[in-house]
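Residue numbers for the sequence shown follow this note's numbering, so the first one is 2 and each next one is one higher.
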Amino acid sequence: MACSLWPVEIHARNHVLQATSYRLPLAMKKRFLLRLDPKVYDALAKWAADDLRSVNAQIEYLLTKALKEAGRLPREEERRETQGEDV
């Protein structure tokens, strides 16, 4: 799945009430610009499709997993996870 639009912007619009992710409402999500090598993006897109996720959700999943494994997940996220919410 190739994409010719670079850089890729991964963000959530604060004025939209409907969440695109099951984790947090969009108003609570931070938006940012992410520039990726096209090969990295293509690999992420394929992996995301294999896992039935959007590229944005795949990036969030991978970053959350890495933060958790490194012991750097913010306390608020740890509380949500122990209460049964998927982070």
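All C-beta atoms in this analysis are idealised placements derived from N, C-alpha and C, irrespective of residue type, glycine included.
Model, not experiment: these values are computed from the prediction.
For Leu37, the closest of Lys31, Val56, Ala71 by C-alpha to C-alpha distance is Val56.
Arg76 sits in a helix when the DSSP states are folded into three classes. If you draw a straight line from the Cα of Glu70 to the Cα of Arg76, it is about 14 Å long. For Ala58, the enclosing alpha helix (DSSP H) has its first and last residue at 56-70.
No residue range can be given for Asp52, since it is assigned to no alpha helix (DSSP H) and is classified by DSSP as neither H nor E. A check of alpha carbon separations from Leu45 across Lys31, Phe33, Glu61 identifies Glu61 as the nearest.
Here the alpha carbon of Arg73 sits roughly 13 Å from the alpha carbon of Leu63.
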